[in-house]
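In UniProt numbering, the protein residues as written are 1 to 240.
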């Protein structure tokens, strides 16, 4: 119930209580449910590694109980694995290996392979052509934008590595996204110190190197955006 209503505070309390019970050995199906709820809770808090651990435990327990929910949890494990940018393929483990060619899992197997090879066009193609097994799951769908951002980030960082100056339209073409989205991603990476440089908006260039100018400019923009959102919320509350 708390998972469906996204009441993470209550869910966390219940989850911790459930894991602390030592008086009896619970049925693997019950442990599967507890671990799956824990995985979803960690995902909501963007704690990808903890979510992956819980989904793996849920998968193992459901598998032991012979419950078909194991397939769903295996999909969620793959999702969490990609979000934590792990280089480990969960299908390499002996527990998950027998399911890698399962029709319900095959799309996720292909997805993680494309993800780990940073093949963004193939990644997007798999998402589009496997709508039923991937995109029709509301839980997975919630994190698709995060996944796409991760893939684009990896491709972008690899793409710009040999250059001190690179054109934004070129990056846009390689990532298959509008220039506006490229610029937003670049600003985010500059603020996170993953790219040292600044954007020349007149000439549509990323100039790598001088970190201080870029950081000062984009920190100011980020602060201004935060203040604008706060002002908008205050006005909205007064109107209500």
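Yeah, the Cβ is synthetic: ideal placement off N, Cα and C, and Gly gets one too.
Check                                                                                                                                                                          : Outcome
Report back the beta-carbon spacing between residue 183 and residue 155 to the nearest angstrom; my notes put them in contact at under 8 Å.                                    : That belief does not hold up - the Cβ atoms of residue 183 and residue 155 are roughly 16 Å apart, past 8 Å.
Could you say which of 90, 83, 89 and 130 lies nearest to residue 104 if we only look at CA atoms?                                                                             : 130
Does the Cβ-Cβ distance between residue 70 and residue 63 come in under 7 Å?                                                                                                   : yes
How about the stretch 144-154 and the stretch 106-125: do they share at least three Cβ pairs that are nearer than 8 Å?                                                         : yes
With H, G and I counted as helix, E and B as strand and the rest as coil, what does DSSP make of residue 116?                                                                  : helix
Would you grab the beta carbon distance between residue 208 and residue 164 for me? Rounded to a whole angstrom, and I think it's under 8 Å.                                   : 5 Å
Check this for me: beta carbons of residue 90 and residue 81, under 7 Å apart or not?                                                                                          : yes
Locate the beta strand (DSSP E) running through residue 63, then write down its first and last residues.                                                                       : Counting along the chain, residue 63 falls outside any beta strand (DSSP E), though it belongs to the alpha helix (DSSP H) covering 48-65.
Can you list, in chain order, the residues of its chain with a C-beta nearer than 6 Å to that of residue 135? Leave out the 5 residues immediately preceding and following it. : 141
Taking the alpha helix (DSSP H) that residue 183 falls in, what are its first and last residues?                                                                               : 179-191
Should residue 132 go down as buried or exposed, given a rule of 16 or more other Cβ atoms within 10 Å for buried?                                                             : exposed
In the DSSP assignment, what residue or residues form a beta bridge with residue 157?                                                                                          : Note: residue 157 sits in no beta bridge, so no partner.
Please report the straight-line C-alpha distance between residue 65 and residue 31, rounded to a whole angstrom.                                                               : 10 Å
With distances taken from CA atoms, which of 176, 137, 25 and 123 is nearest residue 72?                                                                                       : 137
Grab me the residues of residue 176's own chain with a C-beta within less than 8 Å of its C-beta, minus the 5 sequence neighbours each way, in chain order.                    : 120, 121 and 124
With distances taken from CA atoms, which of 27, 37 and 188 is nearest residue 56?                                                                                             : 37
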